[in-house]
Amino acid sequence: MICVIPHGLQWKDAPSGYGPPKTLYNRSSAGAAFGVFSRIFAALAAEAGTPERLMIDATHLKAHRTAASLLQKGACRRSIGRTKGDLNSKLHPVCDGQGRSIMLLLAEDQMSDHKGAAMMLSAMPSARELLADRGYNSNAFRAALLERGFTPCIPSIRRGKEPLPHDKTPCRPRHHIENMFGRLKGHFGMDV
Numbered sequence: 001m002i003c004v005i006p007h008g009l010q011w012k013d014a015p016s017g018y019g020p021p022k023t024l025y026n027r028s029s030a031g032a033a034f035g036v037f038s039r040i041f042a043a044l045a046a047e048a049g050t051p052e053r054l055m056i057d058a059t060h061l062k063a064h065r066t067a068a069s070l071l072q073k074g075a076c077r078r079s080i081g082r083t084k085g086d087l088n089s090k091l092h093p094v095c096d097g098q099g100r101s102i103m104l105l106l107a108e109d110q111m112s113d114h115k116g117a118a119m120m121l122s123a124m125p126s127a128r129e130l131l132a133d134r135g136y137n138s139n140a141f142r143a144a145l146l147e148r149g150f151t152p153c154i155p156s157i158r159r160g161k162e163p164l165p166h167d168k169t170p171c172r173p174r175h176h177i178e179n180m181f182g183r184l185k186g187h188f189g190m191d192v
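In the UniProt record's numbering, the protein residues as written are 1 to 192.
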């Protein structure tokens, strides 16, 4: 996987020392289906400790036209929304202060940023502050953050009726989450 996913290669292009391509593919898909990778990532995240600062943002992901095929009976619903002729999803990640993702939520493209964040709020680890952009500026979301003990660092909407005071200094490291989007989208073989 280390050779194939980041470079957008096919399984047959992996070094032959790892085994036949079909075996590599089967192991990778079985590991994903049985939650092996989720447990590995959860254990690695637990070793890092509790973060002091969390960051949240959202990005749009284009879905291939074959991704919206008919659902089979008993299958889970896909998180794909329809926009002007395209099929899109929205990825809501929560990162620590260094841009390492802690949580990911895949939702329909039409879901607003603060609604997606509110869905993840109960599962977020405790931290001192939460950095977000203007899309998360909602009185209900701010109140929920304060109730959980977070200090929200969210700028007000420019055309808002009552702009809230905002210090830009704590929001400077928000570029780490944007860099994380670049790394995720650069892994060509990854299904995000």
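All C-beta atoms, glycine included, are put in the ideal place defined by N, C-alpha and C.
Between the Cα of residue 152 and the Cα atoms of 158, 136, 16, 161, which residue gives the shortest distance? 136
Residues of its chain near residue 197, where Cβ-Cβ distance is below 7 angstroms and the 5 sequence neighbours each way are ignored: Outside the shown range of the chain (1 to 192) lies residue 197, about which nothing can therefore be said.
Could you check where the alpha helix (DSSP H) with residue 23 kicks off and where it finishes? 21 to 33
Leaving aside the five residues before and after residue 144 along the sequence, list all residues of the same chain whose C-beta is less than 7 angstroms from its C-beta, in chain order. 118, 121
Output the boundary residues of the beta strand (DSSP E) element that contains residue 89. 87 to 96
Inter-residue spacing [alpha-carbon to alpha-carbon] between residue 25 and residue 94: 29 angstroms
Alpha carbon of residue 80 to alpha carbon of residue 103, nearest angstrom: 19 angstroms
Excluding the 5 residues flanking residue 63 on each side, which residues of the same chain have their C-beta closer than 7 angstroms to its C-beta? 80, 87, 88, 89
Helix, strand or coil for residue 40, going by three-state DSSP, please let me know. helix
Cβ of residue 60 within 9 angstroms of Cβ of residue 109? yes
Beta-carbon proximity of residue 129 to residue 53, cut-off 9 angstroms: yes
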